[in-house]
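Structure record follows, encoded as structure tokens.
In our numbering, the protein residues as written are 111 to 294.
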């Protein structure tokens with residue numbers, strides 16, 4: 111199966127039901143107003159020729175305080191009190207596509223886009239995950255870690271260091287004779 115990702119636009123009519131009424135409503139009613147108001151942009155993954163969005167995600171600008179990071183994540187603490195980040199504000203996978211690694215594909219696509227196709231610097235991906243064991247396990251499997259021990263809250267703040275992704279991909283590219291990110 112071949113999947114494409116595109117920005118949600120006025121006139122797009124794709125089915126979507128992930129089983130969470132809040133996320134469903136956001137995709138169908140709130141995503142375009144968020145885009146018009148310059149709050150966030152929603153993208154969706156779909157199979158060519160199908161009228162169902164397999165998954166969607168909304169991204170928006172964010173920052174991470176360097177004081178909240180581990181020492182090995184901070185390069186120039188004296189220069190920057192904050193690092194640039196992109197928040198994954200919403201994310202869902204349609205019920206028909208769940209348990210088929212679509213969510214992992216989407217997360218890897220987001221990592222790639224904000225490492226290699228981004229027009230500005232972006233060090234971290236951030237998100238507020240529903241505090242449910244299955245949801246947290248998914249994000250941890252995708253490499254996200256917790257900011258703090260906020261286990262008693264409805265959502266958990268998580269981050270992913272894109273420098274790790276960039277370094278890992280560069281090692282794989284070098285091993286296969288490809289050019290690395292710094293050579294592009």
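Glycine included, C-beta positions come from ideal geometry on N, C-alpha and C. Given the structure is predicted, the values throughout are model-derived calculations rather than measurements.
Taking C-alpha positions only, residue 197 is separated from residue 121 by approximately 26 Å. Within its own chain, the residues whose Cβ lies closer than 6 Å to the Cβ of residue 137, once the five positions on either side in sequence are excluded, are 126, 166, listed in chain order. Distances from the CA of residue 183 to each of 131, 249, 275, 237 were compared; the closest alpha carbon is that of 275. Secondary structure note for residue 265: its beta strand (DSSP E) is the uninterrupted segment 265-271. About 35 Å separates the beta carbon of residue 215 from that of residue 191, a gap too long to meet the 8 Å contact definition. Taking residue 212 as the centre and dropping the five residues before and after it, the same chain places the C-beta of 164, 165, 203 closer than 6 Å to its C-beta, in chain order. Contact check for residue 235 against residue 221 passes: the beta carbons are separated by less than 8 Å.
In the three-state reduction of the DSSP assignment, residue 175 falls in the strand class, which pools E and B. In this structure, residue 154 sits away from residue 113, with a CB-CB distance that is not shorter than 8 Å. DSSP, read as helix, strand or coil, puts residue 117 in strand. Beta-bridge partners assigned by DSSP to residue 155: 115, 165. When secondary structure is reduced to three states using DSSP, residue 277 falls in the helix class. In the DSSP assignment, residue 197 forms a beta bridge with 170, 236.
Assignment of residue 203 by DSSP, reduced to helix, strand and coil, places it in the strand class. One thing to note: residue 265 has its Cβ no nearer than 8 Å to the Cβ of residue 249. For the pair residue 194 and residue 226, the Cα-to-Cα distance works out to about 15 Å.
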